[in-house]
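Numbered per UniProt numbering, the sequence shown spans residues 1 to 831.
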Amino acid sequence: MAKNLLIVESPAKAKTINKYLGKDFTVLASYGHVRDLVPKEGAVDPNNHFAMDYAVIEKNEKHVDAIAKAAKSADNLYLATDPDREGEAISWHIAEILRERGLLENKPLRRVVFTEITPRAIKEAMNQPRDIAAPLVDAQQARRALDYLVGFNLSPVLWRKVQRGLSAGRVQSPALRMIVEREEEIEAFVAREYWTVEAECAHPSQAFTAKLTKLDGKKFEQFTITNGDDAEAARARLVKAAGGALHVTDVVSKERKRRPAPPFTTSTLQQEAARKLGFTTRKTMQVAQKLYEGVAIGDEGTVGLITYMRTDSVNLSQDALGEIRDVIARDYGTRALPDKPNAYTTKSKNAQEAHEAVRPTSALRTPAQVARFLSDDERKLYELVWKRAVASQMVPATLNTVSVDLAAGSEHSFRASGTTVVDPGFLAVYEEGKDAKGADDDDEGRKLPAMKTGDRVPVDRIHADQHFTQPPPRYTEAALVKALEEYGIGRPSTYASIIQTLLFRKYVDMEGRSFRPSDVGRAVSKFLSSHFTRYVDYDFTAKMEDELDAVSRGEEEWVPLMEKFWGPFKELVEEKTESVDRSEATGARELGTDPKSGKPVSVRLGRFGPYAQIGDKDTDEKLEFASLRPGQSMHTITLEEALELFKLPRKLGLSNDEEVSVGIGRFGPFAKRGSTYASLKKEDDPYTIDLARAVFLIEEKEEIARNRIIKQFDGSDIQVLNGRFGPYISDGKLNGRIPKDREPASLTLEEVTKLLEETGKPMRGRFGKKTAAKKEPTKKAAKKVAKTAAEPAAKKAPAKKAAAKKAPAKKAAKKTASKAAKKTVAKKTAK
């Protein structure tokens, strides 16, 4: 065993660094986090200075044991986890585990930081070891404790008031609020009509279009004309005044400079990869991680191609600047090189963590040179990083904008503009993407013919065009990341996980590349905004991030910060748990009255999703329920649309002298004939499907069922069946395996009986439950359903499933408690 042990986070990085450091080093990976809070209530103790109860993460136990074993025989220990707050905390956790196991006595422990995985950078970092930065660890612990306390105390309130299984996150909740508020803006938006007027000019050198800027002696604005009659009347006046030509009254030419964008931070990399490559934030970080950790590049071996990708900084090192300037001079000429390097300042007031922007580890490795060694996604992202870094150090682009005013008589005027590139500068390499096309972009790249004051320009036609104002767009990933950063909510390294949580919890759905909040998401956001206003407030969340950053800089202590947060928060949780009415919390809406029964029609959020209800539970003995269809929202559905939901089940007619109907059950839309149920396909609509199609699906199902039975035995329930994974034996309660060397059709009753005894296991039916093992939880579930009669009866089955999971949950808790008891658990208070 080597004398020196170095710990990194990922195995890929470990392999690469081991090659660089040689035989005197053993490099092992922690595989990410090694410890976390025990997953039970009380893991953070507010009454004991917020002491935190940690245990080794089960899936990483073997990696921790390997590290401990290597540490036992090593003379020197180096912790080289990622160069950010989270990486610092992982190093601290590893050190604590080794200390508890008595493996650090008389052994030096050093922290080193690799911002890039190249031989030079590794060597430099190893020559500059330091101690673990306690303020960074404290900041990360405070962040983890806050997230735990919010989750363990606020989520149960959501379970009681909104829906089981929900979660409330300290940072995800303000992000959800952004998406929900944007949706409410869109729904409240009222489109306004407006008209534009343009002249198609037929200049002898080049045709061009000019926009109306003055009408009847007044400035022409967006809502000057708001209907077709006024538009036609104005157009007629303009045609008459122009008399077939416009007269040039002014020509203005302006030259301007456009500076290149700074090199990438984590946030801007995520935004630009979304705009230009269509990458999700998660995909961007995964691909960037691979480029950072190292890729095999021909004779060079494995080398990291970009610097660490979690950073708020836009700085570049002197070495990097020197290389980039050499590449610019070599490939684009000295004219493209500014006299001195371009300097940038970050917009983030708390820029910290890694000290450089995301850049290529060597600008000399052009995208073209390394493309054949990379996957398609890696190539695209590396090219983006390389071009952005190189362009950031080039001269500005020089643009020339020409504006021409053209009169139609004395009372009316048009304007035409065009922008041309005089010197491309950095645009020869890279141009930053845009979220949406602006009015100024229409003129870019358009060159107008040469004109001077007094020129007469013929007009082909003057036309007026109708438009309507558009609602604000839904957030895309790029736009959401930008907004989160601008508000100071979370940190760029957390944006991918925030978005994944919102999608995983089904608080939002993706429509194209935009986020649309689900009814559950809206209910959660409304509940939190109404009752926990302070904790989803953008300014409060941003201020909390500021204070955590102050802890990371050693300017504040973390325990007082926690105390200031915990008291008011706990008090509010206790008060709202008792005072809030559930129907208010779920956002129930009254839609109107059912014309048939005269009963009220409402939409509500139930335990299993949104549904429509006919009747009032306080006055009507019998209520009717119908689940909303995919794509429908309880916030936008109309009375007419809701009443349509109650037309199921539909009777379609007779087939084989039996009634054929369609309906929606717990597993989705189905067609039924006699005792045969057949699920509808994705393309089938239960509200419009006809008899012929329903019969086809039913008979297709029956044909599959007929072919399912390989062999039956008189006087026995045992059958030999065809299943999804091959032939098997079943008696309706147990399923048994068939030996691979036996022909299923040749089995005898004696053989199948014996095989069922030897290999039989409780079967899982369509409802996903073992037939014999879960009777007691089912009864409990039935009691629960009886208590909540105001929900669709068709959806009781999932309640069984939820109840059935209670036993494993207890078992898991018992197992965790047992593990925690066996392991040494650290409880750290403020240093």
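Note that beta-carbon positions come from the ideal geometry of N, C-alpha and C, so glycine has one too.
Check                                                                                                          : Outcome
Run of the alpha helix (DSSP H) containing H531, from where it starts to where it stops                        : D519 to H531
Residue span of the beta strand (DSSP E) that contains R182, given as start and end                            : Where R182 is concerned, there is no enclosing beta strand (DSSP E), although the alpha helix (DSSP H) it sits in stretches over Q172 to A188.
Closest by C-alpha distance to R491, when choosing among A191, F608, Q172 and R522                             : Q172
Spatial neighbours of P46 in its chain, beta-carbon cut-off 7 Å, leaving aside the 5 residues before and after : W566
For T334, the residue or residues it bridges with in DSSP                                                      : DSSP, once it has assigned bridges, lists no residue as partnering T334.
Whole-angstrom C-beta distance between V404 and F416, which should lie under 8 Å                               : Correcting the residue type first, residue 416 is Ala in the shown sequence and not Phe. That pair is a contact at about 5 Å.
Per DSSP, cross-strand counterpart(s) of I709                                                                  : L721
Separation of Y292 from D690, as counted between CA atoms                                                      : 57 Å
Inter-stretch contact (C-beta, 8 Å, three-pair minimum) for the stretch 450–463 and the stretch 293–310        : no
Given G243 as reference, the closest of V459, M394 and A51 once Cα atoms are compared                          : V459
Counterpart residues of Y78 in DSSP-defined beta bridges                                                       : L6 and R110
Residues sharing a beta bridge with A428, DSSP                                                                 : In DSSP, A428 forms no bridge with anything.
Residue range of the beta strand (DSSP E) that includes M285                                                   : Per DSSP, M285 belongs to no beta strand (DSSP E); it is in the alpha helix (DSSP H), T281 to E293.
Rounded C-alpha distance that separates T829 from V38                                                          : Residue placement at T829 is flagged as unreliable, the pLDDT there being 34, under the threshold of 50; the coordinate-derived value follows with that caveat. If you take the alpha carbons of T829 and V38, they lie about 16 Å apart.
Alpha-carbon spacing of I90 relative to S362, whole angstroms                                                  : 29 Å
Proximity winner among A391, N707 and N76, relative to R724 (alpha-carbon distances)                           : N707
Span separating the alpha-carbon of A273 from that of E411                                                     : 49 Å
Assigned secondary structure, I17 (DSSP; H/G/I helix, E/B strand, else coil)                                   : helix
Top-ranked residue by Cα proximity to T311, from W558, E116, M510 and A407                                     : E116
G592 burial status per 10 Å Cβ neighbour count (16 or more: buried)                                            : exposed
Presumed contact (8 Å Cβ cut-off) between V385 and F264, rounded CB distance                                   : 6 Å
Minimum length 3: unbroken beta strand (DSSP E) runs contained in the stretch 667–701                          : 668–673 and 676–679
Coarse secondary structure for N227, derived from DSSP in three states                                         : coil
Sequence-distant residues of the same chain with beta carbon closer than 6 Å to T759, five excluded per side   : G736 and R737
Cβ neighbours of D75 in the same chain (closer than 6 Å, five flanking residues each side left out)            : K3
Beta-bridge pairing of H247 - partner residues as DSSP gives them                                              : A407 and R456
DSSP state of P360 mapped onto helix, strand, coil                                                             : strand
The stretch 173–184 contacting the stretch 449–456, beta-carbon criterion three pairs below 8 Å                : no
Outcome for A73 when other beta-carbon atoms lying within 10 angstroms are tallied against a minimum of 16     : Note on residue identity: the sequence assigns Ser, not Ala, to residue 73. It is exposed - the Cβ of S73 has fewer than 16 other Cβ atoms within 10 Å.
Among S552, Y332 and L623, the one whose alpha carbon lies nearest that of D594                                : L623
L246 beta carbon less than 8 Å from that of A188                                                               : no
Touch test, the stretch 556–563 against the stretch 140–155, Cβ-Cβ under 8 Å, three pairs minimum              : yes
Residue burial classification, Q270 (beta-carbon count within 10 angstroms, cutoff 16)                         : buried
Own chain, CB closer than 8 Å to L654, minus 5 neighbours either side, in chain order                          : V660
Cβ-based neighbour list, L381, same chain, cut-off 8 Å, excluding 5 preceding and 5 following                  : A273, L277, F279, T284, V287, A288 and L291
Under the three-state DSSP convention, the category M52 falls into                                             : strand
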